[in-house]
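Here the structure comes first, spelled out in structure tokens, and everything after it is commentary.
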Amino acid sequence: FDAEADDYVTKPFKMQILLKRVEALLRRSGALAKEIRVGRLTLLPEDFTVLCDGTELPLTRKEFEILLLLVQNKGRTLTHEIILSRIWGYDFEGDGSTVHTHIKNLRAKLPENIIKTIRGVGYRLEES
Numbered sequence: 001f002d003a004e005a006d007d008y009v010t011k012p013f014k015m016q017i018l019l020k021r022v023e024a025l026l027r028r029s030g031a032l033a034k035e036i037r038v039g040r041l042t043l044l045p046e047d048f049t050v051l052c053d054g055t056e057l058p059l060t061r062k063e064f065e066i067l068l069l070l071v072q073n074k075g076r077t078l079t080h081e082i083i084l085s086r087i088w089g090y091d092f093e094g095d096g097s098t099v100h101t102h103i104k105n106l107r108a109k110l111p112e113n114i115i116k117t118i119r120g121v122g123y124r125l126e127e128s
């Protein structure tokens, strides 16, 4: 498909068909995965839980959401602005220091330094 489209639905359509197609796209993208593995980590999105070699890591909800966002975009650099808007929303009044603080706390809880700082840009998750 052109314009980066993955699917299309012709009108008129039944809502059930649209929902099934959206579910299929999400499933193929991995967004509906029950379990996501990255190195020694296992993320359980439904429970907001992260395990390292089977042991649960005590992450806050925001730390989990940041880690999940980085995992879903593994290898891509995410700017501070992208992280702020995706995790806190567009109407959040804070600044980049909020992201810095949460990343620092998250790194302290992870067994390996898989979150790389891209100076002047943002952060990227890399498997070691």
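First residue of the sequence shown? That's 1 in full-length UniProt numbering, and the numbers climb one at a time after it.
Just so it is clear, CB atoms sit at the ideal spot from N, CA and C, and this is done for glycine as well.
The beta carbon of T79 sits closer than 8 Å to those of V121, G122, all from its chain and outside the five residues before and after it, given in chain order. Here DSSP, grouped into helix, strand and coil, assigns K104 to helix. Apart from the 5 residues on each side of it in sequence, F92 sits with its Cβ closer than 7 Å to the Cβ of L84 in its chain, given in chain order. Three or more pairs of CB atoms, one per stretch, sit closer than 8 Å, so the stretch 32-45 contacts the stretch 108-121. 7 Å or more divides the Cβ of V71 from the Cβ of L106. Here E46 carries a coil assignment [DSSP, helix/strand/coil]. Residue range 80-87 is occupied by the alpha helix (DSSP H) that includes L84. CA-CA distance, E56 to T49, rounds to 7 Å.
Between I66 and I36, the C-beta gap is not smaller than 7 Å, which leaves the two residues out of contact. Note that the C-beta distance between K62 and H102 is below 7 Å. Judged by DSSP secondary structure, K74 falls outside any alpha helix (DSSP H); it is assigned neither H nor E. For D53 and S97, the gap between their C-alpha atoms comes out near 31 Å. Shown here for L51: same chain residues with a beta carbon closer than 6 Å to its own, the five before and five after excluded, namely T42 in chain order.
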